[in-house]
Every structure is written in C-alpha cells, then in structure tokens.
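So the protein lines, in turn, are chains H and V.
According to full-length UniProt numbering, the first sequence is numbered sequentially starting from 1.
According to full-length UniProt numbering, the second sequence is numbered sequentially starting from 1.
There are 2 protein chains.
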Amino acid sequence: MSENAGRWLRDEIENAILSNEFGPGERLDEMVLASRFGVSRTPVREALMQLNAIGLIEIRPRRGAVVIDPGPHRIYEMFEVMAELEGLAGSLAARRLDEPSRQAITAAHKRCEHSAEAGDSDAYYYDNEEFHKAIYAASRSEFLEEQCTQLHRRLRPYRRLQLRVRNRLSTSFLEHCGIVDAIFAGDGEEARRLLRSHVGIQGERFSDLVASMATR
Amino acid sequence: MSENAGRWLRDEIENAILSNEFGPGERLDEMVLASRFGVSRTPVREALMQLNAIGLIEIRPRRGAVVIDPGPHRIYEMFEVMAELEGLAGSLAARRLDEPSRQAITAAHKRCEHSAEAGDSDAYYYDNEEFHKAIYAASRSEFLEEQCTQLHRRLRPYRRLQLRVRNRLSTSFLEHCGIVDAIFAGDGEEARRLLRSHVGIQGERFSDLVASMATR
DNA sequence: GTCAATGATCGTGTATACAAGAATTGAAAT
DNA sequence: ATTTCAATTCTTGTATACACGATCATTGAC
C-alpha cells in the first residue's frame, strides 16, 4: 500500500476500471468502495477526484461518479493526439539523442524483438510500453514525457486490444525498426512521420479497434 | 459561487496563483486557506488536489502543497507541446472546416484586428484567446479541444507576458492572417506549420520570455 | 390508467474530531 | 560555539457526524 490511502485507492480503482471490473457507465458508490477497501469515505473521495482529473470517471455534482465510456470515436481522437505527441517526442529524440538514451532505446527495442519473435503478445505489450517510454525520455523534454506517459496510460486498455489483431505484433515491430533507424540517423522529420503512423489508428485499424471493442 | 465549494475554491486559488498572489514555491496551508475563504479544510483539500492534477501545485505526502515554479526551460517545453497540439488542431480544422466554424474563426479574427489596430494589448489578449479556441473547436476533435484548452489555460500568464514585448501585437495579428488563409484554403499542412511557429517560442522570443519573467 | 405532487430514503457535500508524521525549538553534551 | 537528541507543536491524513439536495416511491387527482 502506498504511503497515503488516497493514492493507493486511486491505483486500485484505476486498475479495476482498466480491467473492466467497473464497466463504462457504472456508478461508483463512495460508501460501497469505502467498505470494500476498508477505509472511510474521505480517501475514497480523494481517489475519485484524482480519477476524475485523469479523465477516467466523471463526477457530476451531488450525483456521484460514473465510469466514463469514451466510445470509438473519442478513442480515435485520443490516439490521434497521442500520435502527434509521440511524433514530437521522436523528432526531438532524433535531434537530441545522447548515449544513455541510445542504449535505453536499443535495449527496449531488442526486448520487443524477442517478444515479437516468440509471438508472446503479453510480453510484447509490456516491452512495447518500455520502448515508447524510452523515446519519451530521449526527447529530453520533461513536460512532453509527462504528457505522453499520462496519455499512454489512459490508452493502455485499447492498445492491448489492438495487439490481439492478427499480424499486429510483427507489423508493429517492423515499424519500430524504421523508427529506431530514423532516430539513430538523426532524421527528426522521418522519426516524426513514422511514429505518427505507428501510433495513430488510420483506416482499417480503426475498424479493427471497433470490432475488438464489441467482442470484449 | 459555483454549486460546490470545492470547484469554486479551485478557481479562486487558481486565480490567486495565476495572478501571482501565491508565488512559485510558496507553501499553501490548508487551514489558512480554509479560514480565508470561510470554509472547512475538506473543500480546501479537494481544491488542492485538483490543482495538483492540473499541475499548478505539488502535493508532497505529509508535507503539504507548494506552488510549482516551472522555470523558463519547462515553460519553453510547455509551449513546444502547445505548438504541436495547435498545429494538429489547425490541420484538422483546415480539412474539416464547416460554415459555423468558418464564421466563428472569421469573427474572432476580426475582433483581433480591431484590438491590434487599437494597440489595446488587454483586449487583444482576450480576443486572441477566442481566436485560438475557435480553431480548437473547428478541429472537431473534442478530445483535442479539451487538451488544447487545458494547456492554453495553464500557459495563460506567460502568454500575457509575451504580448508586452514590443511589436508582438501586430506581428501576432499578421501571423493570424496567414493561419486563417491556410485554414480557409483547406491547406492543412500549411496551417499546421504556421500555427506551430506562431505558438512556439523559438529564438529571440525565448529570451524575451526570460527577460519579462525576470522583471515581473 | 396515467400523471403529478409530496414525503421518505439514499447519497453526496461539508464540518469537525482525532490520529500520526514532520518540523521546530530548546537543552545538554562535546 | 556547534551539534545532536528529545520533546513539543504544528500540519496533514483519516474517520465520523451532520446537512442538504436528488432520486424514488407512494398516494391522490384527473
């Protein structure tokens, strides 16, 4: 348990939402949560407000908190923004790359390769996250890194869905290769372009997303 | 006063921070704030946590809240991200422009023109905000609009500083003209490019920022 | 039978009380 | 004089109690 109950609860409830235990639209009763986690309403309310700030739930005054249902279109919009931010991170990384960042990216990239070859989608899911985070860090813009990490976290469940699509694993890794090449070559604009299309969900990938959301 | 004290307090304290009444690094005592605003600590704590989520203050466990001091470099990073998001908004606006958005942009642009000609920096500050918001809305991406609005709000005080720089008013308006042309022409990439350089603070504008921050 | 009004009930919003960790101050020892 | 340790005080974190608005059900009228 984290040092204060509020943040611990935030993570607990967040996980419950991301793992779909609390489905979209579901009402979150403060007292129910309080007794479930063995605390009073006060830290529960703190956690709920933080989740509200993150954008996972909506708190309507005097009417309680409900889990937000983003809907395919909004998810598409979120990926669109994510693509833009990652593109920026990539272009900065390419221009500012130093040795530690280079090594971090290489290491994460290698781990992705192993997971992809093994066809281990769960491992790739994790390694992919590390790969992208390595690029955020390499941008050497702390603010950008924070923004990317936050949005990445929020998109986590949908990313997971995407990886289940046929061939997505190897396609994703191939795209990573191009991105790494561009960054290491110092080609910021190419890195930006590749990351944008890697992260965004254009064309058929959008229907893939909608389809996988329908069957969860 | 808003319907619940928490949000009202959030706005109150936020304004106090943005207007520099609570300076960077300053400690925010819950009881002091509570008695100042005539409420108990509970809504004060709620407001502080929301401000923490926004990024205006930092809450260290058991050690209270302090106003964050971004520092020139971090502000630069924030403008860099803002420029990217606005660029995206502009490019989407150019591709998706409809009649209501076109009218909204035109109206805001006209108001900017008047303020700029009058040399009224306060009026321009406000009209400029409306102009940019019109572009966010024209992107027809609700999520992007929210992100832009949020970041714009956070950068408000520094934007204000920037406008005080000599000739910035007319320069800014001239840039607006180009942006409007590109959007109305449906040239998404040009709109993106122009907005990026309009919003970002490259070169001498960065030293202008640092200088104006030092003398406030 | 349907709709509206009124009262009951439930849940959130706020205040206050209590617990526990951190900062501070003072004294003692080196 | 300086440093360290301990005790006190101050502030935050959590629980609980109370107030008020919203929702729901029941009853009455049309």
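Beta carbons: idealized from backbone N, C-alpha and C, even for Gly.
Between the CA atoms of residue j and residue i - distance to the nearest angstrom
i                      : j         : result
residue 293 of chain V : V/Thr-106 : With chain V covering only 1 through 216, there is no way to say anything about residue 293 of chain V.
residue 238 of chain H : H/Leu-88  : In this structure chain H extends from 1 to 216, so residue 238 of chain H is not present and cannot be described.
V/Ala-134              : H/Ile-68  : 26 Å
V/Thr-149              : H/Glu-86  : 20 Å
V/Asn-20               : H/Gln-162 : 46 Å
H/Arg-159              : H/Tyr-125 : 8 Å
H/Arg-166              : H/Pro-24  : 26 Å
V/Glu-30               : H/Arg-7   : 19 Å
V/Asp-98               : V/Glu-129 : 21 Å
H/Ala-63               : V/Ile-59  : Inspection of the sequence shows that residue 63 of chain H is occupied by Arg rather than by Ala. Taking the straight line from one Cα to the other gives about 27 Å.
V/Val-180              : V/Ala-138 : 12 Å
V/Gly-119              : V/Tyr-136 : 26 Å
V/Glu-12               : V/Arg-45  : 13 Å
V/Ala-123              : H/Leu-174 : 52 Å
H/Arg-36               : H/Asp-208 : 36 Å
V/His-114              : H/Met-49  : 42 Å
H/Gly-38               : V/Val-39  : 28 Å
V/Val-32               : H/His-176 : 52 Å
V/Glu-204              : V/Ser-172 : 15 Å
H/Arg-140              : V/Leu-155 : 20 Å
V/Pro-70               : V/Ser-212 : 15 Å
Anticipated Cβ contact below 8 Å, residue i with residue j, distance rounded
i         : j         : result
V/Ala-93  : V/Ala-191 : 7 Å
H/Ala-34  : H/Arg-41  : 5 Å
V/Ala-185 : V/Leu-194 : Incorrect: roughly 11 Å between the Cβ atoms, too far for contact.
H/Glu-77  : V/Leu-151 : About 16 Å separates the two Cβ atoms, so there is no contact after all.
V/Arg-153 : V/Asp-127 : Between V/Asp-127 and V/Arg-153 the Cβ distance is about 16 Å, and since that is not below 8 Å, they are no contact.
H/Arg-102 : H/Leu-51  : That belief does not hold up - the Cβ atoms of H/Arg-102 and H/Leu-51 are roughly 37 Å apart, past 8 Å.
H/Ser-121 : H/Arg-164 : 7 Å
H/Arg-142 : V/Arg-74  : Rather than Arg, the amino acid found at residue 142 of chain H in this sequence is Glu. Their Cβ separation, rounded to whole angstroms, is 7 Å, which keeps H/Glu-142 and V/Arg-74 in contact under 8 Å.
Residue i and residue j closer than 7 Å at C-beta
i         : j         : result
V/Ala-16  : V/Pro-43  : no
V/Ser-147 : H/Val-199 : Rather than Ser, the amino acid found at residue 147 of chain V in this sequence is Gln. Not closer than 7 Å, so no.
V/Val-210 : V/Pro-100 : no
H/Ala-65  : H/Ile-57  : yes
V/Ala-116 : V/Leu-169 : yes
H/Phe-131 : H/Ala-104 : no
V/Ser-91  : V/Gly-188 : yes
V/Phe-22  : V/Ile-201 : no
H/Pro-157 : H/Leu-18  : yes
V/Glu-3   : H/Pro-61  : yes
Residues bridged to residue i (per DSSP)
i        : result
V/Leu-28 : V/Ala-65
V/Ile-57 : V/Val-67
(request) Report the residues of the UniProt domain "HTH gntR-type" (3-70) of chain V with a CB closer than 7 Å to any CB of chain H, ordered along the chain. (result) Against chain H - using a Cβ distance shorter than 7 Å - the residues of the UniProt domain "HTH gntR-type" (3-70) of chain V are Glu-3, Asn-4, Glu-46, Met-49, Gln-50, Ala-53, Pro-61.
(request) Would you list, in chain order, the members of the region 138-172 of chain V that have their beta-carbon closer than 8 Å to a beta-carbon of chain H? (result) The region 138-172 of chain V vs chain H, Cβ under 8 Å: Ser-141, Glu-142, Phe-143, Leu-144, Gln-147.
(message) Residues of the region 92-112 of chain V in Cβ contact with chain H at a cutoff of 7 Å, in chain order, please.
(response) Residues of the region 92-112 of chain V whose Cβ lies closer than 7 Å to any Cβ of chain H: none.
(message) Beta carbons nearer than 7 Å to chain V: which residues of the region 173-203 of chain H have them?
(response) Answer set for the region 173-203 of chain H: empty.
(message) For the region 72-86 of chain H, list every residue whose C-beta sits within 8 Å of some C-beta in chain V, in sequence order.
(response) Those residues of the region 72-86 of chain H that come within reach of chain V (Cβ to Cβ, closer than 8 Å) are Arg-74, Glu-77, Met-78, Glu-80, Val-81, Glu-84, Leu-85.
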